[in-house]
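Colleague:
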Amino acid sequence: MEHNLKKALHPSKGLLQNEDLYQYILENSVYPREPEPLKELRDVTSDHPWAQMGTAPDAGQFISMLLKLINAKRTIEVGVFTGYSLLLTALSIPEDGKIIAIDLNRETYEIGLPIIEKAGVKHKIDFIQSEALPVLDQLLKVPENVGNFDFAFVDADKVNYGHYHERMMKLLKVGGVVVYDNTLWGGTVVMSDQITPAPMKQGRKLTIEFNKLLAVDPRVQISQAPLGDGITICRRIH
Ligand code: SAH
Ligand code: CA
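In this note's numbering, the protein residues as written are 137 to 374.
1) Taking all protein chains shown into account, decide if asparagine 164 is buried (16 or more other Cβ within 10 angstroms of its Cβ) or exposed.
2) Identify the residues that DSSP records as bridge partners of arginine 371: which are they?
3) From which residue to which residue does the alpha helix (DSSP H) around valine 352 run?
4) Using beta-carbon positions only, say whether valine 282 and leucine 307 come within less than 8 Å of one another.
5) Quick check on the DSSP output: the alpha helix (DSSP H) that includes isoleucine 229 runs from which residue to which?
6) From leucine 249 to glutamate 280, what distance separates their C-alpha atoms?
7) Mind listing, in chain order, the continuous alpha helix (DSSP H) runs of no fewer than 4 residues lying wholly within the segment 263-349?
8) Compute the Euclidean distance between the alpha carbons of glycine 322 and alanine 361, then round it to the nearest angstrom.
9) Quick one: any contact between the segment 249-263 and the segment 183-202, if contact means 3 or more CB pairs under 8 Å?
10) Quick one: using the 10 Å Cβ neighbour count with 16 as the cut-off for buried, is proline 173 buried or exposed?
11) Below 8 Å on the Cβ atoms is my contact criterion, and I expect aspartate 317 with aspartate 291 to pass it. Report the Cβ-Cβ distance as a whole number of Å.
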């Protein structure tokens, strides 16, 4: 009761609490502008048992805007799944742009591949089936790669987010941007461990730790946006 009164007097600016507002944004701003191939990719992914993992279309729309704003050409994608964020990146960068896309699982990438091919953007993608960390370390061994990427999207195993961040701080140019997905972890970051559903517990802890780490990292300017499952945008400042 007291809590509700406080809420009414100081309404939150956040939208996440309101499912109807979220649907409103999707139906009025996101879906009407979503490119056809992305809709198709969402469609072929929808009955996959892990469909929930696909990037939220509202977050995707924002990432596409960001890619255009910073004129991103050389990008990295950690965690491809069926390729929603990969395809939206490929559609947003120029004809001669390149994406190094890394995932342990090639089978899920192949679900979206025909749509990526049909959209005419396959030539921009270098898919590497592997654990991401060794690939990033390999990239760093080539001097031309250091400080030479414009953008990265990180959406794989949360346990390595801190390690990915260290690599990205070297691979990105100053002014480059890395976006981390799922930084609100289903809203569990504000739940107690007790009420957090068991399958979410470990991710909750890791996400809280990672968010703390970003908040005090002087190498980046950050903005955590309540799009999709929460994304944190980091711009390398030095
Ligand atoms: N960005 C995707 C969703 C990624 S889901 C989209 O928009 O649809 C997370 C993906 O990370 C899964 O496909 C999983 O196979 C991959 N993954 C998990 N751990 C990984 C690791 N250590 N290295 C590389 N990929 C990993
Ligand atoms: Ca995700």
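All residues carry an ideal CB built from backbone N, CA and C; glycine is no exception.
Computed from a predicted model, the values in this text were never measured in an experiment.
Modeller: According to the structure shown:
1) Counting from one through the sequence shown, the residue named residue 164 turns up at place 28. Under this definition asparagine 164 is an exposed residue.
2) Here residue 371 refers to the residue found at position 235 when the sequence shown is read from its first residue. Bridge partners of arginine 371: Val313, Gln357.
3) For the purposes of this step, residue 352 is identified with residue 216 of the sequence shown, where counting begins at 1. Careful: valine 352 lies outside any alpha helix (DSSP H) and carries neither H nor E.
4) For the purposes of this step, residue 282 is taken as residue 146 along the sequence shown, with counting starting at 1. For the purposes of this step, residue 307 is taken as residue 171 along the sequence shown, with counting starting at 1. Yes.
5) Start at 1 with the first residue of the sequence shown, and residue 229 comes out as number 93. Careful: isoleucine 229 lies outside any alpha helix (DSSP H) and carries neither H nor E.
6) Residue numbering aside, residue 249 sits at position 113 when the sequence shown is read from its first letter. Residue numbering aside, residue 280 sits at position 144 when the sequence shown is read from its first letter. Distance between the alpha carbons of leucine 249 and glutamate 280: 29 Å.
7) 268-276, 297-307
8) Taking the sequence shown and counting its residues from 1, the one referred to as residue 322 is at position 186. Taking the sequence shown and counting its residues from 1, the one referred to as residue 361 is at position 225. Cα-Cα distance, rounded: 14 Å.
9) no
10) What you label residue 173 is simply residue 37 of the sequence shown in a count that begins at 1. Proline 173 should be labelled buried.
11) By 1-based counting over the sequence shown, the position of residue 317 is 181. By 1-based counting over the sequence shown, the position of residue 291 is 155. That pair is a contact at about 4 Å.
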